[in-house]
Structure formats: C-alpha cells, structure tokens
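No gaps in the numbering here: position 210 of the sequence shown is 210 in full-length UniProt numbering, and each next residue is one more.
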Amino acid sequence: MTVEAHKETLEFKAEVSQVLDLVIRSLYSNKEIFLRELISNASDAAEKLRFEALSDDGLYEGDSELRIRVTADREAGTLTISDNGIGLGRQEVMETIGSIASSGTRRFIESMSGDQAKDSKLIGQFGVGFYSAYIVADRVTLISRRAGLGAEHGVRWESDGRGSYTLETVEKAGRGTDVILHLKEDEKEFLDSWRVRSIIGKFSDHIALPVEMAKELYGEEAEQKKGEPPEFEQVNRGTALWMRSKSEITDEEYNDFYKHVSHDFQPPLAHAHNRVEGTNEYTALLYVPSKAPWDLFDREQKHGVKLYVKRVFIMDEADKLMPHYLRFVKGVVDSDDLPLNVSREILQHNRKIDTIRQANTKRVLGLLETLATEEPEKYASFWDEFGKVIKEGPAEDFANREKIASLLRFASTHSEDNAQRVSFDDYLGRMKEGQDKIYYITADSPAAARFSPHLEVFRKKGVEVLLLSDRVDEWLVSHLTEYKDKPLQSVAKGDLDLGELADKDEQETREKAAAEHGTLLERLKTALGERVEAVRPSTRLVDSPACLVVGADDMSANLARVLKAVGQSAPETKPTLEVNLDHPLVRRLESETDEGRFGDLGMILFDQAQLAEGGQLDDPAGFVGRLNKLMLNMMMAGG
C-alpha cells in the first residue's frame with residue numbers, strides 16, 4: 001500500500017530545549033549512560049507489548065520472540081538501537097518526545113541550581129533517557145510503528161536537538177522502534193564493537209530479554225559471508241536479576257539494576273532482596289534511593305515499584321504494593337500467584353497483595369532500622385532526604401506505628417543547632433528523674449521553635465524539649481500521642497504539668513502571687529476582651545513578659561496557621577494569655593493608672609506574645625501605632 005506523504009516541522013516546547021541543553025551540559029562527563037538509557041527504554045517497550053498481548057495475542061504479529069538489537073554502521077557513522085516492542089503511533093511520538101513529561105517540566109527546570117554536579121542528579125531523577133542520545137549524537141532519527149497497526153502507519157521523527165523536529169508518515173514493516181544516532185565526529189569510538197559490548201555488559205547485563213549485536217567474523221569466515229545479512233548473537237546475560245541467588249549478585253550489579261528500574265544516576269543507599277515461598281510465593285527486590293526525587297511531594301505524580309507476574313511485566317508504579325509514606329522506594333515485586341490479567345482495580349481488593357504490601361513494609365522498615373543502628377551517618381543522610389515523608393507514617397500505618405516512631409529524628413533543646421537530630425530513644429535515655437512525659441513544641445520555623453518563650457522554664461530545669469518545625473509535624477503529633485508508654489505533651493497547650501519536676505515551693509509562691517495580683521489579671525482580661533479566653537499567671541516563663549497558650553484539646557496556633565496557608569479553614573480558638581508576674585514590664589503595667597495607656601500596653605503585650613510564637617498580627621498597623629505612641633511618651637517623659 002502506498003503511504004500518503006504527511007511531513008511537518010514542529011517546534012519543541014520551550015522547556016524541552018532547556019532540558020536538552022541541561023542534559024548535554026551536565027551529563028557529558030558520563031557519556032556511556034546514553035546506551036544504558038536507550039536500551040532501558042527498549043526493554044520497557046518490549047515489556048509493555050508482552051503485557052498488552054496477554055489480552056490481544058495478535059499484537060505479536062506472528063513474532064513473539066522479543067529482543068533488542070544494537071547495530072553500528074561505520075560508513076554512515078550511525079549507531080542504531082532497535083526493539084520489536086510495543087512501538088509508538090504518530091500522536092504518541094509527539095506527546096512523549098516532543099513535549100518531555102510535560103506535567104512537571106517547568107517545576108523541574110526551576111529546581112535547577114546551576115551547579116553541574118547537583119543538576120546531573122536531578123536530570124537522572126527526571127527521566128530524560130531518550131534525550132541522553134544528544135550527548136554523543138548531533139542528530140537523532142526515530143522510526144517507529146505501534147504493534148497492531150499496518151505497515152503504512154510508521155512514523156519517522158528526526159531532530160538535531162536545537163529547537164525543532166520533523167515528523168512524517170513512513171512505511172515500516174516490523175513493529176517497534178529504531179533509534180538511529182548520527183554520532184558526532186569526536187564520538188566515533190561508539191562504533192567499535194568491543195566498546196559497545198563492554199558498555200552493555202556493564203550497564204545492561206541484567207535486562208531480562210536478549211540484547212543482540214552482529215557476530216564478529218574474522219579471516220576466511222568473514223570473507224565467505226561478505227555481503228550476507230549479519231548473524232546476531234546475545235551479548236547480555238538476559239536473566240531477570242531478581243530471580244538470581246543473592247550470593248551470585250555483586251553490589252555493582254545491584255546498583256546497575258537500581259539505575260535501570262529508577263532511571264536515577266546515583267547508586268542506591270541500601271537494598272533488600274528476598275524470595276518468599278509458601279501459600280503466597282513472590283520475589284521482592286527493593287531499594288532505598290540516596291536522594292529524594294524532585295517530585296516526591298507532587299500529588300499528581302505516581303510512585304511505586306514495578307509489578308511482574310511470573311517474570312511478565314504488568315505495571316509500573318504499582319502503588320498498592322507499598323504504603324504511601326514509603327513511596328520513595330524503588331524496585332521489583334514478581335509474584336507467582338497473581339493472575340496475569342491483574343489490574344489496578346484488582347490490586348485494591350486482593351488479599352495476596354495485602355500480604356505482600358505488609359511484608360514489603362516490614363522489610364523496608366527493618367532495612368532502615370539496620371541503617372540507623374549500624375550506619376548512623378548513612379541514616380542521617382537518609383533522614384535529610386526522606387524524613388518528612390517518614391513522618392506521615394504513624395497516621396497511615398497503625399500496625400507499625402511504634403516501629404516508625406523509633407525511626408523518627410528531631411531537633412531538640414539538647415542539641416546545639418537544628419542540624420543535630422535525636423530519636424525518641426535518645427530522649428528517653430536523657431529524661432530527668434521523675435519526668436513522665438515527652439515534651440515538644442511545634443512552630444513554623446526552626447528558629448521560632450528554638451527561641452520560643454514557652455521553653456524558658458524547661459531550660460531553667462534542664463528538661464529537654466523536641467523542636468518540631470516541619471509542616472507535617474502537626475499531622476504527626478495528632479496521630480502519635482505516646483511512645484513506649486510515655487505521652488507526648490506540647491509545652492504550648494493546656495496547663496503546664498511538670499509532675500514531679502515541679503518545684504512545690506515555687507508553685508506555692510505563684511499561687512500566692514496570683515491572689516495578690518488578681519486585680520491586674522482582671523484589668524488585662526477586660527482590656528483584651530474577646531481576644532483571649534482568660535489571663536493567668538505563668539509557670540512557663542522566666543525571661544519573657546507574656547506568652548499565649550491554647551487549651552489541651554484545642555488546635556494549636558501553628559496548625560491553624562498551616563491550614564490557613566494551604567487555603568483550608570481552621571476553627572477560631574481563643575488563647576489564654578499567661579503573664580510573668582516577676583517581669584519589670586508586667587510590674588510597670590500593674591502600676592499604670594491611666595486606663596487608656598493600660599489598654600495600649602496590654603495590647604502590645606498580647607501582640608508581642610503572638611509575634612514570639614511566629615504568628616501574624618491581625619492589626620499590624622495598630623500595633624505599630626501603639627508602640628510609637630508609647631515610645632513618644634517615654635521620650636517626652638525623659639525630656
């Protein structure tokens with residue numbers, strides 16, 4: 001059948017040109033990875049065909065032997081990577097190659113720092129495998145046909161990577177994709193068979209289908225077969241790595257397989273490889289990355305491990321195999337018991353999947369426990385990358401709540417700065433005699449937490465307080481209320497109960513003072529009106545004049561701010577103003593006879609307390625006006 005000519009020249013989206021430039025500039029020092037990425041893409045295409053053919057055997061078109069071929073043409077200066085996988089239609093080529101994972105591209109580019117080493121890591125996480133071809137090629141041609149379509153539906157894409165590409169309809173007899181690299185003059189080393197074979201052996205030995213190259217012929221044999229089609233031979237092992245015995249697999253092979261399944265350029269931090277036999281048989285090879293992906297908190301982005309059934313690829317990002325708080329985990333689960341036609345819907349209501357998920361969760365948590373115990377520096381690196389995600393765990397996973405809690409790390413008043421982290425177990429080991437609670441404070445920044453006036457009495461008594469300043473911390477403490485039978489207690493909520501740590505003589509003095517200064521407290525409550533629930537003497541404060549406290553069962557001021565920042569409503573909670581009756585400002589306030597000035601001073605005290613805990617004033621102009629008036633009166637009195 002004659003193909004109707006349909007050729008057009010199209011412009012790349014602006015973001016694609018930027019990414020291409022970044023790829024070439026940042027990855028040039030690691031040129032070999034282009035072949036790994038292209039072979040990996042070809043492998044994915046073959047696996048997708050195998051899966052779709054489960055319900056439509058005709059997609060094989062009489063050829064069910066899946067393979068990848070790498071061919072060098074010295075005369076043309078080209079290196080071609082071919083597969084007989086699922087292939088691409090014209091629209092798919094435009095969407096996948098002309099627009100580069102468009103949903104997050106702009107945010108990805110904005111995350112670029114200009115630091116070449118850091119940017120190369122981000123590029124690996126972004127998954128721009130096809131574009132790595134431009135590291136060694138000045139022009140790339142792609143010819144593809146989707147399985148099941150006629151030969152006349154082939155498509156040819158070509159570009160020099162400088163802003164535009166051509167797209168035309170061509171005839172292609174076989175399904176699948178050919179990627180033809182027109183190598184740069186100084187990259188012709190990749191036409192040497194031994195060079196290409198060594199790269200395949202290094203990076204793609206684990207690909208679970210044959211990677212073939214033309215058989216090397218020498219001497220008389222080469223002369224005899226001159227002009228004949230080349231014979232191809234397999235140059236990789238071609239065995240699914242996860243099915244091999246752990247004792248046979250080197251660390252380098254594990255790392256290379258991780259890079260294949262994750263498209264990350266960095267080695268993983270740790271891995272777990274297990275074969276489970278019995279009523280539910282499966283193999284799991286799970287990895288903890290060394291760096292967080294740039295889209296870890298993107299709600300629209302899918303995360304998860306690859307699911308295979310009897311070595312047949314079923315789906316990427318099978319999120320039901322891993323809880324959401326472990327969404328950074330990469331790897332493979334290969335089940336012997338699931339049906340080959342398993343769908344995402346079936347995964348949601350399958351007991352075998354639930355069993356695998358529970359086991360995967362315990363395996364990863366166990367891996368992290370081992371890191372924390374045996375390699376604390378590695379675990380500290382993990383925490384810096386993924387700590388905020390792990391903090392989601394206690395709310396999601398009740399069964400493993402205590403185990404997750406043992407993995408949590410926090411800044412505390414015991415550490416000199418916010419970079420030092422302590423565990424709950426560290427905290428318990430340092431608790432004061434008679435202390436029966438784990439004290440913490442939440443704030444919207446590390447500085448606001450560390451310098452909060454609520455901590456003053458704890459510093460005076462040498463009692464450690466955990467400093468929580470991540471947004472997720474409010475979610476965490478609302479679901480994690482105790483650890484090893486020790487309740488967690490906010491230092492900014494409810495009446496301060498220090499239990500046996502309280503100084504009884506000091507408490508009696510405070511109670512006596514409250515009775516003596518009852519008039520001051522009543523005047524302040526009248527001046528502040530509906531802004532406060534009550535005014536009372538503080539047992540928290542040592543150096544500051546006042547602080548705000550909410551009820552033990554009320555929403556914290558910090559959580560209310562977090563909810564409002566993301567556009568959600570928060571209940572209006574009136575705080576209690578606690579005042580330090582020993583502070584000079586409070587004493588001066590008590591002696592003020594002018595009720596107008598008393599009201600101004602009371603409002604300044606309230607606003608200062610709000611600011612001290614990181615809050616925003618409802619009437620900042622009013623605060624400035626009252627403060628200016630006070631300063632002016634002082635200057636006039638001094639004059």
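For each residue, glycine too, the CB sits at the ideal point set by N, CA and C.
Pick helix, strand or coil for residue i, following the three-state DSSP scheme.
| i | result |
| --- | --- |
| V235 | coil |
| K302 | coil |
| F328 | coil |
| E216 | coil |
| F410 | strand |
| E223 | helix |
| M631 | helix |
| L589 | helix |
| I404 | helix |
| S335 | strand |
| D436 | coil |
| V364 | helix |
| P584 | helix |
| A318 | strand |
| F12 | coil |
| F190 | helix |
| L296 | coil |
| F623 | helix |
| T373 | helix |
By a C-beta neighbour count over all protein chains shown, 10 Å radius and 16 as the cutoff for buried, is residue i buried or exposed?
| i | result |
| --- | --- |
| A621 | exposed |
| Y218 | exposed |
| S120 | Low per-residue confidence applies at S120: pLDDT is 49, beneath 50, and the placement is therefore not dependable, though the value from the model is reported in the following sentence. The residue is buried, with at least 16 neighbouring Cβ atoms inside 10 Å. |
| V624 | exposed |
| N558 | buried |
| N628 | exposed |
| M631 | exposed |
| Q489 | buried |
| Q610 | buried |
| S204 | buried |
| P487 | exposed |
| F398 | exposed |
| H6 | exposed |
| A360 | In the sequence as presented, Ala is not what sits at residue 360; that position holds Asn. Answer is buried; the Cβ neighbour count reaches 16. |
| W194 | exposed |
| R588 | exposed |
| A318 | buried |
| D444 | buried |
| E11 | exposed |
| F126 | Because F126 carries a pLDDT of 47, less than 50, the predicted location of this residue cannot be relied on, and the following value inherits that uncertainty. F126 should be labelled buried. |
| Q608 | buried |
| N633 | exposed |
| T283 | buried |
List the endpoints of the continuous alpha helix (DSSP H) containing residue i.
| i | result |
| --- | --- |
| Q610 | 595–612 |
| H479 | 472–479 |
| F398 | That residue, F398, is in no alpha helix (DSSP H); it is neither H nor E in DSSP. |
| S381 | 376–390 |
| H6 | It is not in any alpha helix (DSSP H) - H6 carries neither H nor E in the DSSP assignment. |
| V276 | No alpha helix (DSSP H) holds V276; the beta strand (DSSP E) holding it covers 270–276. |
| A449 | 446–450 |
| F203 | 193–203 |
| D426 | 424–429 |
| S262 | 251–262 |
| V457 | 456–461 |
The beta strand (DSSP E) spanning residue i covers which residue range?
| i | result |
| --- | --- |
| T576 | 576–579 |
| N350 | Careful: N350 lies outside any beta strand (DSSP E) and carries neither H nor E. |
| A208 | Per DSSP, A208 belongs to no beta strand (DSSP E) and is neither H nor E. |
| E281 | Unbroken run through E281: none, as it is neither H nor E. |
| L466 | 466–468 |
With residue i and residue j assumed to form a contact (beta carbons below 8 Å), what rounded beta-carbon distance in angstroms separates them?
| i | j | result |
| --- | --- | --- |
| V422 | L455 | V422 to L455, Cβ: 15 Å. No contact. |
| L209 | S43 | 6 Å |
| K259 | P289 | 10 Å between Cβ atoms; not a contact. |
| D160 | D138 | 6 Å |
| G176 | D83 | 5 Å |
| T576 | R540 | Actually they do not touch by this definition, with Cβ atoms about 11 Å apart. |
| M322 | R357 | 7 Å |
| E592 | H517 | Not a contact, Cβ separation roughly 14 Å. |
Which ranges does the beta strand (DSSP E) cover as unbroken runs of at least 3 residues, wholly within the UniProt domain "Histidine kinase/HSP90-like ATPase" (30–187), from first to last along the chain? 68–73, 78–83, 137–145, 154–159, 164–170, 176–183
What are the complete beta strand (DSSP E) segments, minimum 3 residues, inside the stretch 479–558? 486–490, 534–537, 546–549
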